[in-house]
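For reference, the structure discussed in these notes is given below.
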Amino acid sequence: MTVQAIKITNLLSFDELSVDGLNDLNCIVGRNNVGKSNLLKVIKFFYNKLEGKEELPPKLNSNYSYKGSISITYDMTRIYRIARNQPENKYFDFIVRKLVPLHKRSIFTLTRYNNDYTSYTLTLNIYNDGRVRWSTKDKQTLNLILYLFPFFHIEPRHMDLHEWDSLWDLVSRLKSFNLSKIEDQAVIDFFDKSINSSGENSYKKYISDLNKTMSTKPSSQKEKILSYIKAGLRGYRFEIDESDLKFHSDGTNSFHFIKTFLKILITISRREYITPFVFIDEPELGLHPKMNEVLVQDIYTSFNYNERKDDRVTRPKVFITTHSPNIVKEIIKKFRQKQRVYSFQKNLMVKLQLAY
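Using numbering that gives the first Met the number 0, the first residue of the sequence shown is number 0, and each one after it goes up by one.
Below, the structure written as structure tokens:
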């Protein structure tokens, strides 16, 4: 269950681009202004629209055509096989009904094991008058794709490297909790009882006074999840080697941010029925060449491959755009058959499977 392919037609600098055969770690190389950053822009727009955000669409590559499109194909094979083994599970049944082709949903197909692969392609069409339209009108399908295949991006050149708040967005999106049975008043009563053993109700009264004084928008599901997660952690201010982030260089902060981000992403997502993919744009900025190699080594360690047996764990797909030969070399060396290198050139994309 992962991203299989990305196809872009008539958008930005792309007449037509197909990025397929994706592996665990996908390295994109090429000179400046050949489309590496445009790939990120298009994927970001695709996912922002999935989240319902309002923003201007990317420009068409050629106005001779009335539209452009972004298509992402997702591999549904793993969850399809799990669903066949648990036919009474309502959650898996819902996913199958929304994302698996009709001819594979019959009672005869679901009870028969085979090695057939199944996928789902979602397309966003962008028209020359600024309109956008999904290939499906089913909002539940769009929300399901957003949940099962979340997208994250790291751009060191555009980040405040001394504030890691985007890690909290990652934490709140990777794990789903059922909060439907938790009422706000029950939470208030719990803290009031735990904090005020004398029974003075000072916490409950304090919250009541604040609610009367302040006008606030109700918390979203994600915000509530994050508040409960933070309440259970030792703290919520990030540090490196027990020192505040402001005492470290941009390069050091970038290195540790990427390392921490991917470790959280890979560790937590393997326990869930989700497969994220993340795009890292030029992680070498501010890093010594040797630290670039160490970064790739740490990413490889986080993937936690089991070389002694058939490793069928589905892992996040990672994209790295880079100008660093050290990063490319180390990716090929460490990931071997788990990597793919794509060479972007003007009006051309060359796919390379490089061996070390």
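Don't be surprised by glycine CBs; every beta carbon is placed ideally from N, CA and C. None of the values given here were measured: they were computed from a predicted structure.
Contact annotation, Gln336 with Gly29: C-beta distance approximately 23 Å; criterion of less than 8 Å not satisfied. In this structure Asp280 is in contact with Ile153, their Cβ atoms being roughly 7 Å apart against a cut-off of 8 Å. Under the Cβ criterion (8 Å, minimum of three pairs), the segment 156-167 counts as touching the segment 247-264. Rounded to the nearest whole angstrom, the CA to CA distance from Glu222 to Ser175 is 12 Å. Around Ile263, the same chain offers Leu166, Leu169, Val170, Leu173 as residues with beta carbons nearer than 8 Å, after the five sequence neighbours per side are excluded. Fewer than three pairs of CB atoms, one per stretch, sit closer than 8 Å, so the segment 229-249 makes no contact with the segment 202-217. Tyr272 and Thr212 have their alpha carbons spaced roughly 42 Å apart.
Leaving aside the five residues that flank Asn22 on each side, the residues in its chain whose CB is nearer than 6 Å to its CB run, in chain order, Lys337, Gln338, Arg339. Under the DSSP assignment, Val18 falls in the beta strand (DSSP E) whose first and last residues are 13-18.
With respect to Phe237, Phe278 sits apart: the two C-beta atoms are not nearer than 8 Å.
Taking 8 Å as the upper bound for CB-CB distance, Leu98 and Leu143 are in contact here, some 7 Å apart. Counting C-beta pairs closer than 8 Å gives three or more between the segment 3-15 and the segment 52-67, which meets the contact rule. By the 16-neighbour rule on beta-carbons within 10 angstroms, Ile181 is exposed. For Lys333, the closest of Gly231, Asn25, Phe13 by C-alpha to C-alpha distance is Asn25. Nearest to Met75 by alpha-carbon distance, out of His322, Arg156, Thr274, is Thr274.
Leu16 and Gln184 have their C-alpha atoms spaced approximately 53 Å apart. The beta carbons of His161 and Asn84 sit no closer together than 8 Å.
Distance between Glu87 and Phe151, taken at the CA atoms: about 33 Å. Assignment of Leu225 by DSSP, reduced to helix, strand and coil, places it in the helix class. Taken in chain order, the whole beta strand (DSSP E) runs of length 3 or more contained in the segment 268-296 are 276-280. Rounded to whole angstroms, the gap between the alpha carbons of Glu241 and Ile267 is 24 Å. Ser165 carries a helical assignment under DSSP once its states are collapsed to helix, strand and coil. Thr313 is not a Cβ neighbour of Pro282, given a cutoff of 8 Å.
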